[in-house]
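Under the working numbering, the letters of the sequence shown match residues 4 to 331, in that order.
C-beta: ideal position from N, C-alpha, C; glycine also.
This report concerns only the one structure given below.
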Amino acid sequence: MDSTSNEHPAAVPSAAGEEDERIIEATKSLRRHIGLAEDPTDPSSVASPNPEEPMFWIEVAPPSTRGAKCRLDSCTENIMPDDYRIAVNPGSNSFRGHQNSDYYHVACFERIADFSQAAFLDRVQPLTRRMWPFRNLKSSSMLDGNYLLDAGAERLTLEWKRSVGKLIDERDGVKAKDDSKDGLKDDSTDDSKDDLNPVFRNLLYNAGSSKYVPQEIPNMDTFERHLLTTTLAPNESDGPDDDDEWNLFDEYLVAREDDPTSLDSRHTLSATLFLWGQHVVLATSSNLTEKGKEQKEAELTPKAIRAIKRLAVTPMPDIQSAFRGGRF
Ligand SMILES: [Zn+2]
Numbered sequence: 004m005d006s007t008s009n010e011h012p013a014a015v016p017s018a019a020g021e022e023d024e025r026i027i028e029a030t031k032s033l034r035r036h037i038g039l040a041e042d043p044t045d046p047s048s049v050a051s052p053n054p055e056e057p058m059f060w061i062e063v064a065p066p067s068t069r070g071a072k073c074r075l076d077s078c079t080e081n082i083m084p085d086d087y088r089i090a091v092n093p094g095s096n097s098f099r100g101h102q103n104s105d106y107y108h109v110a111c112f113e114r115i116a117d118f119s120q121a122a123f124l125d126r127v128q129p130l131t132r133r134m135w136p137f138r139n140l141k142s143s144s145m146l147d148g149n150y151l152l153d154a155g156a157e158r159l160t161l162e163w164k165r166s167v168g169k170l171i172d173e174r175d176g177v178k179a180k181d182d183s184k185d186g187l188k189d190d191s192t193d194d195s196k197d198d199l200n201p202v203f204r205n206l207l208y209n210a211g212s213s214k215y216v217p218q219e220i221p222n223m224d225t226f227e228r229h230l231l232t233t234t235l236a237p238n239e240s241d242g243p244d245d246d247d248e249w250n251l252f253d254e255y256l257v258a259r260e261d262d263p264t265s266l267d268s269r270h271t272l273s274a275t276l277f278l279w280g281q282h283v284v285l286a287t288s289s290n291l292t293e294k295g296k297e298q299k300e301a302e303l304t305p306k307a308i309r310a311i312k313r314l315a316v317t318p319m320p321d322i323q324s325a326f327r328g329g330r331f
């Protein structure tokens, strides 16, 4: 799963050295772009904040015939439509009034972005119905169903970010802030699971289970609450007698908050999205090869297939309330 452990052996030392050099340069350039010192071990390298505050969007590559070039120099494969990708926006070639994005395969980006550091992790944002106004995209293109993550990838990316964030805080001795009494958190991105309002936590983690009992959540957007109870629910159950319910995070989340070694691998996000994406194809495709059919039979139960089909849907924005709010 960790592709750093099975990289090409250095059979041609000069080529490997050149490759390392390119990765080092790309790492420095990304660090500069997000306002960090190029080289944290070199005292002469100084941080200069980037007022543009680039974000690392996790999104789905839109339709195109040949795909898009991956920004990582040494990568020779294009990013194909429907692949999960990272868009750094604004990109490094943006200038005032004209914003470009830099696109990467998720695994390529992980080679230069150190997500075991909060300065990188904090910039990760799944592109969803709630966040797209901040992504600088044409709304018509997004409303055609392009770019936005499916429900499973959304939940997995947010949960990956939360788990890795918690591990970073524990490693660095940062105490989790206790704001559970201050009211409802409306996002699960950067708080410990324990700090969430218990009613909201119940919705986030227990929805879909036969044991889930919905509770009243004051001030919560009814559209979002409905989505979290249905399309986005992480559990799938065969009913009250089911003592082996299916859980999205148990199945696919590679970084676990109870396993500090999760921080040692650079590729936990791409591994998570890869496993998920592969099963989405198996569960939803109507023209699998014989090998694919065998794999589906071996790896997916009817309950899993039902769950994956539900979570493979992309939740679209609440257009009516967006109109009322003047977003269009
Ligand atoms: Zn690439």
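Range of the contiguous beta strand (DSSP E) that encloses residue i
i, result
"E62", "M58 to V63"
"A301", "It is not in any beta strand (DSSP E) - A301 instead sits in the alpha helix (DSSP H) that spans E293 to E302."
"V127", "V127 to P129"
Spatial distance of residue i from residue j (CA atoms)
i, j, result
"A122", "T30", "13 Å"
"Y255", "A116", "22 Å"
"P52", "A110", "26 Å"
"A315", "H270", "22 Å"
"E2", "A258", "Not covered by the structure: residue 2. The range shown for the chain is 4 to 331."
"N205", "I26", "42 Å"
"D241", "S213", "8 Å"
"M223", "V216", "17 Å"
"D182", "C78", "Note on D182: pLDDT 45, under 50, position unreliable in the model; the coordinate value appears next. If I take the Cα positions, the gap works out to 43 Å."
"L291", "P305", "17 Å"
"L130", "D244", "37 Å"
"I308", "D86", "21 Å"
"I220", "P201", "10 Å"
"T287", "E41", "44 Å"
"S1", "G70", "With the chain represented from 4 up to 331, any question about residue 1 goes unanswered, as that position is not in the structure."
"H108", "D247", "35 Å"
"R138", "D147", "16 Å"
"N81", "S32", "21 Å"
"R3", "G295", "Nothing can be reported for residue 3: it is not among the residues displayed for the chain, which extend from 4 to 331."
"D76", "P46", "27 Å"
"T44", "G168", "23 Å"
"V283", "S48", "44 Å"
"A50", "C73", "26 Å"
"F226", "I322", "11 Å"
"Q102", "A19", "34 Å"
"T233", "R313", "8 Å"
"E293", "D262", "37 Å"
"E22", "Q218", "54 Å"
"K299", "R34", "41 Å"
"D175", "T264", "14 Å"
Endpoints, the alpha helix (DSSP H) within which residue i is located
i, result
"Y255", "L251 to Y255"
"Y107", "Counting along the chain, Y107 falls outside any alpha helix (DSSP H), though it belongs to the beta strand (DSSP E) covering D105 to H108."
"P93", "Per DSSP, P93 belongs to no alpha helix (DSSP H) and is neither H nor E."
"V283", "T271 to T287"
"P52", "Per DSSP, P52 belongs to no alpha helix (DSSP H) and is neither H nor E."
"Y208", "P201 to N209"
"I171", "A154 to D175"
"A307", "P305 to L314"
"A121", "A121 to L124"
"F118", "Note, F118: premise wrong, no alpha helix (DSSP H); not H, not E."
"T317", "No alpha helix (DSSP H) contains T317, which DSSP labels as neither H nor E."
"M145", "S142 to L146"
"L231", "T225 to T232"
DSSP bridge partner residues for residue i (one or two, in chain order)
i, result
"Y87", "V63"
"N238", "N250"
"I82", "A71"
Residue i and residue j closer than 8 Å at C-beta
i, j, result
"I89", "W135", "no"
"L3", "W249", "Outside the shown range of the chain, which is 4 to 331, sits residue 3, and nothing can be said about it."
"D153", "T317", "yes"
"V127", "D105", "no"
"K272", "E113", "Before going further, note that residue 272 is Leu rather than Lys in the sequence given. A contact, by the Cβ cut-off of 8 Å."
"P93", "N149", "no"
"Y237", "A274", "Reading off the sequence shown, one finds Pro at residue 237, where the question assumed Tyr. No, Cβ-Cβ distance for P237 and A274 is not below 8 Å."
"P54", "I37", "no"
"S67", "P84", "yes"
"V63", "L151", "yes"
"E297", "L235", "no"
"L207", "L231", "yes"
CB-CB length for residue i against residue j, believed under 8 Å
i, j, result
"G155", "L251", "6 Å"
"R132", "P320", "4 Å"
"E239", "A301", "Not quite, the Cβ-Cβ distance comes to about 19 Å (not below 8 Å), so this is no contact."
"L199", "E260", "About 13 Å separates the two Cβ atoms, so there is no contact after all."
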